Amino acid sequence: MRHDTGPEDGHHAPGLLLHSAGFYDLTVWLLSLGRGRGFHEKFLALADLKPGETVLDVGCGTGSLALVAKRAVGPAGAVFGVDASPEMLARATKKARRAGLEVVFSRAPAQHLPYHDAEFDTVFSTLMLHHLPRGSRGECATEIARVLKPGGRVLAVDFEAPAGRRGLHRHGGLSLDEMITLFRSAGLRVENSGATGIAGMQFLLATRPGFRAEGPRAGDGIALF
Numbered sequence: 002m003r004h005d006t007g008p009e010d011g012h013h014a015p016g017l018l019l020h021s022a023g024f025y026d027l028t029v030w031l032l033s034l035g036r037g038r039g040f041h042e043k044f045l046a047l048a049d050l051k052p053g054e055t056v057l058d059v060g061c062g063t064g065s066l067a068l069v070a071k072r073a074v075g076p077a078g079a080v081f082g083v084d085a086s087p088e089m090l091a092r093a094t095k096k097a098r099r100a101g102l103e104v105v106f107s108r109a110p111a112q113h114l115p116y117h118d119a120e121f122d123t124v125f126s127t128l129m130l131h132h133l134p135r136g137s138r139g140e141c142a143t144e145i146a147r148v149l150k151p152g153g154r155v156l157a158v159d160f161e162a163p164a165g166r167r168g169l170h171r172h173g174g175l176s177l178d179e180m181i182t183l184f185r186s187a188g189l190r191v192e193n194s195g196a197t198g199i200a201g202m203q204f205l206l207a208t209r210p211g212f213r214a215e216g217p218r219a220g221d222g223i224a225l226f
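Numbering (the working numbering), first residue to last: 2 to 226.
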């Protein structure tokens with residue numbers, strides 16, 4: 002695996018950087034109604050993680066999803082997290098150490114992932130895309146597609162901005178249609194999508210061509226919450 006230095010190597014990371022790691026964890030706890038780990042395990046179930054797989058969490062924040070993913074893939078699997086915020090990564094590293102889990106966290110922008118082509122079975126992008134300016138979201142989706150193995154899966158979860166409003170953050174949210182367009186334009190095949198049923202979150206499951214998803218398909222009526 003190649004691990005570049007991220008923002009320090011000259012790549013600019015346009016978008017909203019979150020530096021209050023404690024506030025971030027509190028927000029996730031509130032959104033999940035105090036069921037943070039169960040909240041993330043539902044995402045893993047939708048992505049159909051298997052033991053031994055290699056996983057990347059783009060915009061990993063404080064590492065909570067990455068740690069749950071590491072438990073799912075087991076000792077034979079590998080999990081990596083990437084984020085542009087040093088404070089988030091510092092907290093994520095401490096969490097991994099406390100849990101006794103080996104997860105590799107690196108600093109880099111989502112538009113310039115520090116990995117070779119076709120390295121990951123699964124890539125997560127949860128509550129991250131809305132932080133990027135609209136012009137950068139397509140770059141992120143293209144990078145995710147690039148690092149996926151043939152047959153790999155991406156699970157994206159994000160907020161949909163209320164009609165006529167900018168949403169929770171300065172770049173607003175993004176509609177499910179926009180998420181679908183982003184990943185289709187990056188060359189991926191959308192397998193399932195819809196509302197999560199909590200806090201205006203939408204999800205999308207897409208695969209790199211050459212693989213037919215074994216997990217839930219569009220129209221299956223899957224309810225995450």
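Cβ coordinates follow ideal geometry from the N, Cα and C atoms, glycine included.
If you're wondering where the values come from, they're calculated on a predicted model, not measured in any experiment.
Item                                                                                                       : Value
Top-ranked residue by Cα proximity to K71, from R92, A85, K96, D84                                         : K96
Span separating the alpha-carbon of A1 from that of G136                                                   : Residue 1 cannot be examined here, being either before or after the span of the chain that is shown, 2 to 226.
Identified DSSP bridge partners for G201                                                                   : Per DSSP, none; premise fails for G201.
Limits of the beta strand (DSSP E) - the one that K150 falls within                                        : 149-160
The segment 50-68 contacting the segment 86-96, beta-carbon criterion three pairs below 8 Å                : yes
Outcome for R99 when other beta-carbon atoms lying within 10 angstroms are tallied against a minimum of 16 : exposed
Contiguous beta strand (DSSP E) assignments of at least 3 residues, all confined to the segment 86-138     : 105-108, 121-127
Sheet register partners of S194 (DSSP bridge)                                                              : L205
Proximity of L156 and A119 at Cβ, strictly below 8 Å                                                       : no
Coil, strand or helix - D58 by DSSP                                                                        : strand
7 Å Cβ shell around L169 - same chain, five flanking residues per side excluded                            : Any answer about L169 is weak, because its pLDDT of 45 lies below 50 and its placement is not dependable; what the coordinates show is given next. Answer for L169: F160, listed in chain order.
Rounded C-alpha distance that separates V124 from T208                                                     : 10 Å
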